[in-house]
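Residue 81 in my numbering sits at position 100 of the sequence shown; the count goes up by one each step and never skips. This report concerns only the one structure given below.
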Amino acid sequence: MYRKRVILYAVALLALAGCSRYKDVSLDHIAIEQFNMTSLSTARVKIQATLNNPAGNKITVTELDGVLKIKEKTVAVFNLDSSLVFDAKSVSTREGTLQLKIQDMSVLFSGIIELDASLLDQVLLDIDASLKSGGIRRKLQLHDIPAKNFLNL
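Written out as structure tokens, the structure is:
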């Protein structure tokens, strides 16, 4: 009985030690490869996402939803069409497709902001992603991230 208890504690400690690296997972940047308008209010965006995965298992990004804001006003929402699988213990880049739906462009034409090179400084992103590795699921939430720092344009 004592041996079973020691084995159970050892397995629990190893499992906890293995899971501790999942909190260090980070989405480093997203590069826009292609942008195609499918209608007046929707677009398909081909991206390359780079994820830093220090964990010992592959990580699958099952969901990626976000909001594009200018001056705290939502301009567009986007979501990932398919899942992305990233390698273990590495920084890897994968391609995916986002569906972008434009909700309100009035902020661009209202005269509140300048339509020049400084516009990219005012664009903020809110991103919610669901990561899965084996039986472990984790939510990654990034709020008010400047698009200029996050996107490789």
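All residues carry an ideal CB built from backbone N, CA and C; glycine is no exception.
C-alpha of A24 to C-alpha of L49: approximately 13 Å in a straight line.
In the structure shown, D85 adopts coil according to DSSP, grouped into three states. Looking at the DSSP output, S114 bridges to I117.
Beta-bridge analysis with DSSP links N34 to S71.
In this chain, the beta strand (DSSP E) harbouring L45 covers 40 to 51. For the pair A57 and Q80, the CB atoms are not nearer than the 8 Å cut-off.
For I11, the closest C-alpha among the options E76, L121, K82, R119 is that of E76.
Less than 8 Å divides the Cβ of V66 from the Cβ of T41. For L8, the three-state secondary structure derived from DSSP is strand.
Rounded to the nearest whole angstrom, the C-alpha separation of Q103 and I51 is 6 Å.
By the neighbour-count definition (other C-beta atoms within 10 Å, threshold 16), I13 is an exposed residue. When the alpha-carbon of G37 is set against those of V6, N130, T43, D62, the nearest one is in V6.
Beyond the five residues adjoining it in sequence on each side, G116 comes within less than 6 Å, by CB distance, of no other residue in the same chain.
Judged by DSSP secondary structure, L101 falls outside any beta strand (DSSP E) and instead within the alpha helix (DSSP H) spanning 100 to 103. By the neighbour-count definition (other C-beta atoms within 10 Å, threshold 16), N60 is an exposed residue. Taking all protein chains shown into account, N130 has fewer than 16 neighbouring C-beta atoms within 10 Å of its C-beta and is therefore exposed.
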